[in-house]
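Peer 1: Below: one structure in structure tokens.
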Amino acid sequence: MTLRVANLGDQSALNRLFERSYPTLLKDVYDAETLKTALPKMIRAQPVLLSSGTFFVWDCAGILAGAGGWSVDKARADKAHIRHVATDPAHLRKGIAQALIMHCLATAKAAGITEMECWSTRYAEGFYAAIGFSAIGPIDAMLGGTVAFPSIRMTMFL
């Protein structure tokens, strides 16, 4: 298994990863109507992230087992946001997501980021807390600029 920088050629494989991950992992923590609206936006890889150099994938012999990255805040150059993290349900509890987030934190810190923010799903709140993020409170993440998705705003100082 290899952790590497994602590229535009990963888009289809990422879409498949997101299609395996989000519907399965979120079904017990969000109602069906919320997921019906949100999932079409969540299960599509974002080309701007794939070409950023700060989005990473866990490649397991050509199958993506996990993905995620970070991007710099639009208002503050020393703050960044965790972005589009997913783990294949078949690879949960193997340390993939933790290693991915730790890599994101290390690369962000090396780039001069001093604060990382995450808008966590309800499913992942405990995971992020265990890594060291602190919950600020609820927030509606706007998916595609049009779909409000109930999330938890969390932060960590690097």
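Per UniProt numbering, the very first residue in the sequence shown carries number 1; after that it's consecutive. Note that beta-carbon positions come from the ideal geometry of N, C-alpha and C, so glycine has one too.
1. Just how far apart, CA to CA, sit F127 and I101?
2. Counting only the same chain and skipping the five closest in sequence on each side, list residues whose C-beta sits under 7 Å from that of A97.
3. Can you give the beta carbon distance from T155 to S134, rounded, assuming they're within the 8 Å contact cut?
4. When you compare the CB positions of L158 and K109, do they come within less than 7 Å of one another, or not?
5. For residue 164, I'd like the list of residues in its chain whose CB is within less than 7 Å of its CB, leaving aside the five on either flank, ordered along the chain.
6. Return helix, strand or coil for T2, following the three-state DSSP convention.
7. Give the DSSP bridge partners of K79, in chain order.
8. Looking at the unbroken beta strand (DSSP E) that takes in I96, where does it start and where does it end?
9. Are N15 and A45 touching if we call contact CB-CB under 7 Å?
10. Using the beta-carbon count (16 or more within 10 Å), is S151 buried or exposed?
11. According to DSSP, is L92 part of a helix, a strand, or is it coil?
12. In or out: M142 buried (at least 16 other Cβ within 10 Å) or exposed?
Peer 2: Result, derived from the coordinates:
1. So the two alpha carbons sit approximately 10 Å from each other.
2. The answer, listed in chain order, is G66, V85, T87, F127.
3. 6 Å
4. Yes; because the gap between Cβ atoms is below 7 Å, this pair is in contact.
5. Lying before the first or after the last residue shown, residue 164 is absent from the chain, which here runs from 1 to 158.
6. Of the three classes helix, strand and coil, the one that applies to T2 here is strand, per DSSP.
7. E115
8. From DSSP, I96 is part of no beta strand (DSSP E) but of the alpha helix (DSSP H) over 96-110.
9. yes
10. buried
11. L92 falls in the coil class under three-state DSSP.
12. exposed
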